[in-house]
Structures are given as C-alpha cells and as structure tokens.
Amino acid sequence: MDLDLTPEQVKLQATAEEVGRSFRDDARDWDESDEAPYRHIFDRVAEAGLLAVAIPREHGGLGGGALEYLITVEALFRMSQSWLPAEPVFATSGPGPSMLLIGKQEARDRYLPDIVSGRRACNIALTEPGAGSALTDLVTTAERDGDEFVLNGTKSFVTGSNVNDLNATFVRFDGVPGAKGIGAVMVDAKLPGVTVERGPRFLGDRGIAHGNLILEDVRVGVDDLICAPGEFGRLMTAFNLERLHNCGFWLGFSEAAYDEASSYVLQREQFGKPLVAFQVVHHALADMWVQIEALRLLAYRAAATAVEGRFPRLAEVTQAKLFGATVGPQITLKALELHGGLGVTTDFAIQRIHRDAVTNVVAGGAPAVLRTGVASGLFPGVRFGQH
Ligand SMILES: Cc1cc2nc3c(=O)[nH]c(=O)nc-3n(C[C@H](O)[C@H](O)[C@H](O)COP(=O)(O)OP(=O)(O)OC[C@H]3O[C@@H](n4cnc5c(N)ncnc54)[C@H](O)[C@@H]3O)c2cc1C
Numbered sequence: 001m002d003l004d005l006t007p008e009q010v011k012l013q014a015t016a017e018e019v020g021r022s023f024r025d026d027a028r029d030w031d032e033s034d035e036a037p038y039r040h041i042f043d044r045v046a047e048a049g050l051l052a053v054a055i056p057r058e059h060g061g062l063g064g065g066a067l068e069y070l071i072t073v074e075a076l077f078r079m080s081q082s083w084l085p086a087e088p089v090f091a092t093s094g095p096g097p098s099m100l101l102i103g104k105q106e107a108r109d110r111y112l113p114d115i116v117s118g119r120r121a122c123n124i125a126l127t128e129p130g131a132g133s134a135l136t137d138l139v140t141t142a143e144r145d146g147d148e149f150v151l152n153g154t155k156s157f158v159t160g161s162n163v164n165d166l167n168a169t170f171v172r173f174d175g176v177p178g179a180k181g182i183g184a185v186m187v188d189a190k191l192p193g194v195t196v197e198r199g200p201r202f203l204g205d206r207g208i209a210h211g212n213l214i215l216e217d218v219r220v221g222v223d224d225l226i227c228a229p230g231e232f233g234r235l236m237t238a239f240n241l242e243r244l245h246n247c248g249f250w251l252g253f254s255e256a257a258y259d260e261a262s263s264y265v266l267q268r269e270q271f272g273k274p275l276v277a278f279q280v281v282h283h284a285l286a287d288m289w290v291q292i293e294a295l296r297l298l299a300y301r302a303a304a305t306a307v308e309g310r311f312p313r314l315a316e317v318t319q320a321k322l323f324g325a326t327v328g329p330q331i332t333l334k335a336l337e338l339h340g341g342l343g344v345t346t347d348f349a350i351q352r353i354h355r356d357a358v359t360n361v362v363a364g365g366a367p368a369v370l371r372t373g374v375a376s377g378l379f380p381g382v383r384f385g386q387h
C-alpha cells in the first residue's frame, strides 16, 4: 500500500495551496459582508489550471480522478479558510459535471465543453423544502410534451445558486413514485420560468448563496436530459463526489483550525509560559492532529478506491464523511476554546472557521442518515427502513 503522493499530485497540491493562501485575507471580508467577488475568484482558480480537475482529458478536463479532486479542494479549503475558492472546482468537476459523464451523450456534448472551459459552471439541485433526507420523496415534476419536458417545483439549498448558471436537477418523471420515477435534467437559471431566490442567510459559508431555484412551467429539451428515470443508482454514484467534496471540506477546515490553534498557543503566554507548555494544551493539539490523520486516511482511501478512479465507492466515502462531520466540529470548537475569550471575537479567524464547520454538518447528507447507511453495510441481511 503506497501512501505517498506522486510528484504530479504534490505539484497540484502546491498550486492549490498557493491559490488558497492568496485568498486568506479576503475570507474575513466575504464573511462580514456575505458577498464575494466570485468572478475574480473563479478566474484566479481557472488561471492556476484547477478547473475540471477530475474530468477526463477527452472531454477537455485535466484528466485527474477522485484523488486529484480531493487533494485540490482540501488544499483550497485549508489555505483560504473559506468555502469560496473550492467552489469553481466543485462546479466544473464535482457531482453536477460528473453526472454528465455517466449520463446521456446528448447532454454531455451540449454542456460539458462549456463547463470544463469555465464558460458556465454547474450546481447540483436535489433538495426540496419537503424532501431533504427523504430525497426519494421529491415532488418537482417533469412532464413530457413532444420534444420537451415541462418542469415545476422548488429546489432549496442550492449551493452556488447566485453565481453558477447551470443546475443538474433531480426531478420526478410522469408522477412515478419513489426512486424509480427520479431522473435528472440540466436547468439553465436563465431559462424563462426559472426564479433564483437568495434564500435565508447562513451562519457560515458566507459570501455564497445556498439559495432556492423555483421552476414554473420551465421547458427543457430532450437533449437536456442527463439521466432518465430508473437510473437513480447511477445518479447517486456521481453524487458520491459530493460526499468526497464534503470530506475535503472537513479535512481542510480541521487542518485550518489546527493551524490557527497551534500558532496561537505558541505565542500566547499565561502564568509566565506559552500556553503550549501546559500538558493539557499540547495533549489537546496531539488529539486534534491524530483525528485529522485518521480522517485523512479514511478520505484518501475513499478517493483511492474510487470506481475507475473517478467515483468514490459508497461505503468508503460515507464512512469518511460521517467521521469528518463528527470530529470536524469537535476540532474547530477545541481550537476556538484554546484561543480563550479572543476566540469568539471577529479579530480571530477561528470563530469563522467554527461557524463554517457547523454550517456543513448536514450538508450532503445528515450524519444520522449516513450512520444508517454504514449500518446497512455492516448488516446486509437486515433492512433499515427510512420511513
Ligand atoms: C451548507 C449546505 C449546503 C447544501 N448544499 C446543497 C446543494 O448544493 N444541493 C442540494 O440539493 N442540497 C444541498 N443542501 C441540502 C442538504 O443536502 C440537506 O440539508 C440534507 O440532506 C438534510 O436535509 P434537511 O435539511 O431537509 O434535514 P431533514 O431531512 O429535515 O433532517 C433533519 C434531521 O432529522 C434527522 N433525520 C432525518 N431523517 C432521518 C432518518 N431517516 N433517520 C434518522 N434521523 C433522521 C437527522 O438528525 C437530521 O439531521 C445543503 C445543505 C447545507 C446545510
């Protein structure tokens, strides 16, 4: 088992770290104003050659796989201490674009060239006001009308809704209930009948919207069909990249919290010595680091064992994401505590890092639902019904 990165992967990591670091001072302003110059961020990430990192070369991407994806977003999250610089990677290489890889050729030909070149980037729109964990209860409809589908419904929590045009959107075809009726279509936010609402303000991830996409008699063509109903399992295979993105988030933000805490305890003195000299303090940092290393092993295993190097396997990526969502907020909270009272002031980044961490606990799937998924793998003969 080789755990070393290749020279190319080390180079990719260094590039992403440099780009992330270049934005670190901006993260505070984006958080305070809840606005960010996304086009500028996108262009900088594009100039560094980080778009479409996990899209095959034959489709114009960089030709990396799940591992390159994880390396890139982890470094961007860690160094920028913000959600935003990893968003262009997510929207040109993450679950939305990856659905095109497993979906119908017509949609792939129509959209992937624009996405990999950064002309248009792609969100993922699954969740609805009444269907979060219960994704297979979604009620957004697609009715066939000649060569078109007519879409009606509301998608919520669409990350990037205010900045990316395209939305890989899960819809129910012809009223067929359950997973069997669910497929996906591409929806351009500029189409007639689409309303993009900013939605509620968030505790963290500020500077980008997780907004609502309201569809009222929106017409898309048959060429916009990504996956027909009956292929829910395939769609969820591509969705495993979302979970890997979440793993990158947990790794990067846990590391960022460790970075902040470890430098603070070296310079802050109490009782005539630096905080790090107290055993309880350096033990806390040692525990944080071991948790980060364990998370890294789980997350990198999920990427390394990906199907065709591209789509993380469900069992491994679910375990890694669950572990990240469990230890991540503990690490960021401990790092905040080590800053003492200053930790909750806006003079220090750690409060923002912790808010971003808390914001992401259920993103991409609530821990309770992930636990049931892990348990299902452990007890294959037992059915853990969600209803
Ligand atoms: C920051 C952020 C970004 C997001 N980005 C996107 C995006 O880009 N696209 C998108 O489509 N969605 C996105 N989401 C939505 C996200 O996927 C959902 O929030 C998540 O799946 C949980 O759904 P819910 O919020 O409706 O919670 P609910 O389903 O209402 O669950 C609430 C709680 O109830 C419990 N619960 C629910 N069901 C079960 C069960 N079967 N067993 C045990 N306990 C259960 C759990 O404790 C759970 O945390 C995002 C969410 C956040 C917070």
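First residue of the sequence shown? That's 1 in the UniProt record's numbering, and the numbers climb one at a time after it. The beta-carbon is built from N, C-alpha and C at its ideal position, and this holds for glycine as well. Since the structure is predicted, the reported quantities are computational estimates derived from the model, not experimental observations.
Proximity of residue i and residue j at Cβ, strictly below 8 Å
{"i": "residue 359", "j": "residue 205", "result": "yes"}
{"i": "residue 351", "j": "residue 340", "result": "no"}
{"i": "residue 37", "j": "residue 242", "result": "no"}
{"i": "residue 134", "j": "residue 167", "result": "no"}
{"i": "residue 244", "j": "residue 303", "result": "yes"}
{"i": "residue 235", "j": "residue 155", "result": "no"}
{"i": "residue 187", "j": "residue 176", "result": "no"}
{"i": "residue 219", "j": "residue 148", "result": "yes"}
{"i": "residue 401", "j": "residue 107", "result": "Any answer about residue 401 is impossible in this case: the structure gives the chain only from 1 up to 387."}
{"i": "residue 254", "j": "residue 328", "result": "yes"}
{"i": "residue 252", "j": "residue 10", "result": "no"}
{"i": "residue 318", "j": "residue 374", "result": "yes"}
Bridge partners - residue i, DSSP secondary structure assignment
{"i": "residue 155", "result": "213"}
{"i": "residue 227", "result": "184"}
{"i": "residue 270", "result": "273"}
{"i": "residue 122", "result": "166"}
{"i": "residue 221", "result": "148"}
{"i": "residue 311", "result": "307"}
Candidates the options, of which the one nearest residue i by Cα
{"i": "residue 192", "options": "82, 150, 253", "result": "150"}
{"i": "residue 76", "options": "305, 42, 3", "result": "42"}
{"i": "residue 334", "options": "54, 125, 285, 168", "result": "285"}
{"i": "residue 39", "options": "69, 118, 294", "result": "118"}
{"i": "residue 71", "options": "213, 250, 259", "result": "250"}
{"i": "residue 163", "options": "29, 10, 365, 92", "result": "92"}
{"i": "residue 316", "options": "325, 300, 60", "result": "300"}
{"i": "residue 153", "options": "121, 216, 125", "result": "216"}
{"i": "residue 17", "options": "190, 33, 256", "result": "256"}
{"i": "residue 298", "options": "84, 370, 322, 279", "result": "322"}
{"i": "residue 210", "options": "35, 5, 273, 309", "result": "35"}
{"i": "residue 84", "options": "103, 69, 104, 30", "result": "30"}
{"i": "residue 50", "options": "309, 202, 69, 368", "result": "69"}
{"i": "residue 338", "options": "372, 260, 64, 370", "result": "260"}
{"i": "residue 258", "options": "283, 274, 309", "result": "283"}
{"i": "residue 78", "options": "288, 368, 203, 19", "result": "19"}
{"i": "residue 47", "options": "295, 221, 329, 15", "result": "15"}
{"i": "residue 139", "options": "64, 328, 169, 288", "result": "169"}
{"i": "residue 310", "options": "231, 201, 54", "result": "54"}
Alpha-carbon to alpha-carbon, residue j and residue i
{"i": "residue 184", "j": "residue 141", "result": "11 Å"}
{"i": "residue 66", "j": "residue 290", "result": "24 Å"}
{"i": "residue 312", "j": "residue 2", "result": "18 Å"}
{"i": "residue 21", "j": "residue 353", "result": "15 Å"}
{"i": "residue 208", "j": "residue 23", "result": "15 Å"}
{"i": "residue 61", "j": "residue 381", "result": "41 Å"}
{"i": "residue 347", "j": "residue 13", "result": "29 Å"}
{"i": "residue 349", "j": "residue 122", "result": "30 Å"}
{"i": "residue 246", "j": "residue 364", "result": "7 Å"}
{"i": "residue 229", "j": "residue 178", "result": "10 Å"}
{"i": "residue 124", "j": "residue 131", "result": "15 Å"}
{"i": "residue 223", "j": "residue 101", "result": "14 Å"}
{"i": "residue 198", "j": "residue 128", "result": "15 Å"}
{"i": "residue 98", "j": "residue 305", "result": "17 Å"}
{"i": "residue 115", "j": "residue 264", "result": "41 Å"}
{"i": "residue 27", "j": "residue 120", "result": "24 Å"}
{"i": "residue 412", "j": "residue 4", "result": "Given a span of 1 to 387 for the chain in the structure shown, any question on residue 412 remains unanswerable."}
{"i": "residue 332", "j": "residue 356", "result": "10 Å"}
{"i": "residue 237", "j": "residue 181", "result": "17 Å"}
{"i": "residue 160", "j": "residue 271", "result": "47 Å"}
{"i": "residue 45", "j": "residue 86", "result": "8 Å"}
With a floor of 3 residues, list each beta strand (DSSP E) that falls wholly inside the UniProt domain "Acyl-CoA oxidase/dehydrogenase middle" (124–218), ordered by position along the chain.
-> 141–145, 148–159, 166–173, 182–188, 194–197
Could you tell me which uninterrupted beta strand (DSSP E) segments, each at least 3 residues in length, are contained entirely in the stretch 50–130, listed from first to last along the chain?
-> 122–125
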